[in-house]
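Note that this note's numbering has the sequence shown beginning at 98, numbered continuously upward. Backbone N, C-alpha and C fix where the C-beta goes; we use that ideal spot for every residue, glycine too. Note sheet for the following structure.
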Amino acid sequence: MKCWDPRIEEMPREDLQRMQYKLLKSLVYRLYSFSLFYHNRMKEQKVHPDDIHKLSDVHKLPFMFKRDLRDNYPDKIFTATKDELVRYHVSSGTTGKPTVVGYTQNDLDNWSTSLARGLTSIGLGRGDVIQVSYGYGLFTGGLGMHYGAERIGATVLPTSVGNTERQIELMQDLGATAIACTPSYLLHIGEVAEKMGVNIKKDTQLRTGILGAEPWTEGMRNRIQEWLGICAYDIYGTSELSGPMFTECAEQKGFHIWSDIALVEIIDPKTGESLETGEKGELTITILQKEALPMIRYRIGDITTMEEDVCACGRTHPRIQRIQGRVDDMLIIRGINVFPSQIEYALMAIPEVGEHFQIEVTRKGALDDMLVRVELNKESFSDKINDLMLVRQKVEHRLRNSLNVNVDIELVEAGSLPRFEGKSKKVIDKRSM
Ligand code: DLL
């Protein structure tokens, strides 16, 4: 698939690393000289910009955490003046005080460039109609995708979230060829379309999904692709770094992280030590050219692995694999670590099971109990008790094998669990209520 900027995207790895080193060095000098926050952080860590002699010296620099943004709410650590800022985005604050991110025009340009490369790598461009069904407003999904899509000359259909029947009508009437939304919302759109008598595969021109903002599994991808007749690509980003920024290419083998934009490290979340390529750990990113809110070694909290081999598409930039979950999403059930994505992975291999499930964690005495409510697909929900028992055994067996912990199962009818327009909420943790 063609490149947006082949000179950068196919640049030999050594040249990319040389470029990264230069960008890192100038970032560190700039922040040491002009940002009180970073100056103090580097002093505490006893590191000076002159100590950065090679790219791997990034390990000498201090980490940055979400709490640093919260503690400095709303804009105490911005390094651009008010008149240089052209936009704010604000996180929803569901896990604490919201965080505010400011952008200069160059920051927005780099963000759109990152997406333009990604969208081109999955074959989108002029003539495509991209329906942006991520939320617009304070969330970064809508506007981020919007400008990325315009940058490649596609036509944007800015539907935002909600009003699902109208979304489907517009998808048909205006010939949307791609949709950008959370995987959960696309599942909901697919179901509503069926109720309206619209077959997305046959009655629309939709061929591509750009799906992210929440964890989803390969099994879910296969189901969405088959059901809706589209190619579904994963897209990743966080509001603190800009928003949706990195997509898979047509190979569907992980997100390309553009080296001129970001320096990726995978670290051990407990010790902070760097891990080898291919080892699973916490994603940590330095954004190399951010002006308004530079981020050095930002500990995102997402668990993944990094691959450094040249991709079959010819792009030389490293890839990170599907996000397994956040460190803080991990449930500890009777001492065993469980990620919701492991449950999705196990369930999607069972044909009788639908795409929706819910996890409820409770504590009885000193022990944690996990109940998984599993929606069956329409065809499999039967009145015959024996059929249901067999499916239940299958689900129990698969979950026990993959999680190594006993789980209570409740099979529920198709359509009975909540549906989501944005990020889904799959876990109800009653221990913390
Ligand atoms: O979710 C930005 C975004 C918008 C990404 C649209 C992709 C598409 P936040 O609300 O700050 O930003 O949430 C960021 O969401 O740290 C991950 O835990 C999770 N996340 C985002 N994309 C993926 C993905 C946006 N593709 C947090 N797979 C991140 C798994 C994802 N998790």
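Three-state class that DSSP yields for aspartate 365 in the structure shown | Of the three classes helix, strand and coil, the one that applies to aspartate 365 here is coil, per DSSP.
Around the ligand DLL, Cβ to any heavy atom closer than 6 angstroms, ordered along the chain = The answer, residue by residue, is Ser188, Tyr231, Thr237, Gly238, Gly309, Ala310, Glu311, Pro312, Asp331, Ile332, Tyr333, Gly334, Thr335, Ser336, Gly340, Pro341, Ile397, Asp399, Ile420, Arg423.
Going by the beta-carbon positions, is the gap between methionine 342 and serine 211 smaller than 8 angstroms?
-> Yes, these two residues count as a Cβ contact at 8 angstroms.
Stretch-stretch touch, CB-based, cutoff 8 angstroms, three pairs: the segment 428-435 with the segment 360-380 = No, the segment 428-435 is not in contact with the segment 360-380.
Where does threonine 252 fall in DSSP's three states?
-> DSSP, read as helix, strand or coil, puts threonine 252 in strand.
Out of Asp505, Ile219, Tyr185, Thr217, point me to the one whose CA is closest to aspartate 204's CA.
-> Across the set Asp505, Ile219, Tyr185, Thr217, the C-alpha of Tyr185 shows the shortest separation from the C-alpha of aspartate 204.
Residues that DSSP places opposite threonine 305 in a beta bridge = DSSP lists Ala275, Cys328 as partners of threonine 305.
Could you tell me the distance, in whole angstroms, from the CA atom of valine 361 to the CA atom of threonine 381?
-> About 6 angstroms.
Work out the CA separation of leucine 303 and threonine 256 for me, nearest whole Å.
-> The alpha-carbon of threonine 256 is positioned some 15 angstroms away from that of leucine 303.
Can you list, in chain order, the residues of its chain whose CB lies under 8 angstroms from that of lysine 532, leaving out five sequence neighbours each side?
-> Residue 532 lies beyond the residue range present for the chain, which begins at 98 and ends at 530; the question has no answer from this structure.
Boundaries (first-last residue) of the beta strand (DSSP E) holding isoleucine 105 | It is not in any beta strand (DSSP E) - isoleucine 105 instead sits in the alpha helix (DSSP H) that spans 103-106.
Limits of the unbroken beta strand (DSSP E) element including phenylalanine 454 = Residues 450-461.
When the Cα of leucine 240 is compared with those of Gly215, Ser209, Ile420, which residue comes out closest?
-> It is Ser209 whose Cα lies nearest to the Cα of leucine 240.
DSSP state of isoleucine 482 mapped onto helix, strand, coil = Residue state for isoleucine 482 is assigned as helix, using DSSP reduced to three classes.
Given that a residue counts as buried once 16 or more other Cβ atoms are within 10 Å of its Cβ, and exposed if not, what is isoleucine 79?
-> Shown here, the chain extends from 98 to 530; a query on residue 79 therefore has no answer.
Taking the alpha-carbon positions, what's the valine 183 to alanine 359 distance?
-> Cα to Cα, the separation comes out at about 22 angstroms.
Any chance the segment 171-181 sits against the segment 397-411, with 3 or more Cβ pairs inside 8 angstroms?
-> At 8 angstroms Cβ cutoff, the stretches do not touch.
Any chance the segment 479-486 sits against the segment 272-279, with 3 or more Cβ pairs inside 8 angstroms?
-> The segment 479-486, when compared against the segment 272-279, does not touch it at the 8 angstroms Cβ threshold.
Three-way DSSP call (helix, strand, coil) for glutamine 349 in this model | It is coil, neither helix nor strand.
In chain order, each beta strand (DSSP E) run of at least 3 residues that lies wholly inside the segment 143-196 = Entirely contained in the segment 143-196, the beta strand (DSSP E) runs reaching 3 residues are, in chain order, 182-187.
Over what stretch of residues does the alpha helix (DSSP H) that includes valine 125 continue unbroken?
-> In the DSSP annotation of this structure, the continuous segment of the alpha helix (DSSP H) that includes valine 125 starts and ends at 110-131.
How should lysine 523 be labelled, buried or exposed, when 16 other C-beta atoms within 10 angstroms of its C-beta is the threshold for buried?
-> Lysine 523 should be labelled buried.
Under three-state DSSP, which class holds methionine 403?
-> DSSP places methionine 403 within a strand segment (E or B) once states are collapsed to three.
Limits of the alpha helix (DSSP H) - the one that glutamate 441 falls within = Run containing glutamate 441: 437-444, per the alpha helix (DSSP H) assignment.
Using 10 angstroms around the beta-carbon of lysine 151, count the other beta-carbons present and answer buried if the total reaches 16, otherwise exposed.
-> That one is exposed.
Going straight from the alpha carbon of glutamate 452 to that of isoleucine 525, what length do you get?
-> Cα atoms of glutamate 452 and isoleucine 525: separation of roughly 18 angstroms, rounded to the nearest angstrom.
Who does glycine 334 pair with in a DSSP beta bridge?
-> Glycine 334 pairs with Pro341.
For my contact list, valine 531 and valine 424 are in at a C-beta cut-off of 8 angstroms; report their separation, rounded to the angstrom.
-> Not covered by the structure: residue 531. The range shown for the chain is 98 to 530.
Based on the DSSP output, what are the partners of glutamate 84 in its beta bridges?
-> Only positions 98 to 530 of the chain appear in the structure, and residue 84 is not among them; the question remains open.
Identify the continuous alpha helix (DSSP H) that holds valine 289 and give its terminal residues.
-> Boundaries of the alpha helix (DSSP H) harbouring valine 289: 280-292, taken from the DSSP string.
The segment 240-255 in contact with the segment 288-299 per 3-pair CB rule at 8 angstroms = Short answer: they don't touch.
Three or more C-beta pairs below 8 angstroms linking the segment 216-232 and the segment 379-396 | Cβ pair count under 8 angstroms is below three, so no.
DSSP bridge partner residues for glutamine 228 (one or two, in chain order) = Beta-bridge partners assigned by DSSP to glutamine 228: Leu254, Ile276.
What is the DSSP secondary structure of serine 513, counted as helix, strand or coil?
-> Serine 513: coil per DSSP, three-state reduction.
I think glycine 504 touches valine 471, with their Cβ atoms under 8 angstroms apart; what is that distance to the nearest whole Å?
-> Looking at the sequence shown, residue 504 is not glycine but valine. The distance from the Cβ of valine 504 to that of valine 471 is about 10 angstroms, inconsistent with a contact at the 8 angstroms cut-off.
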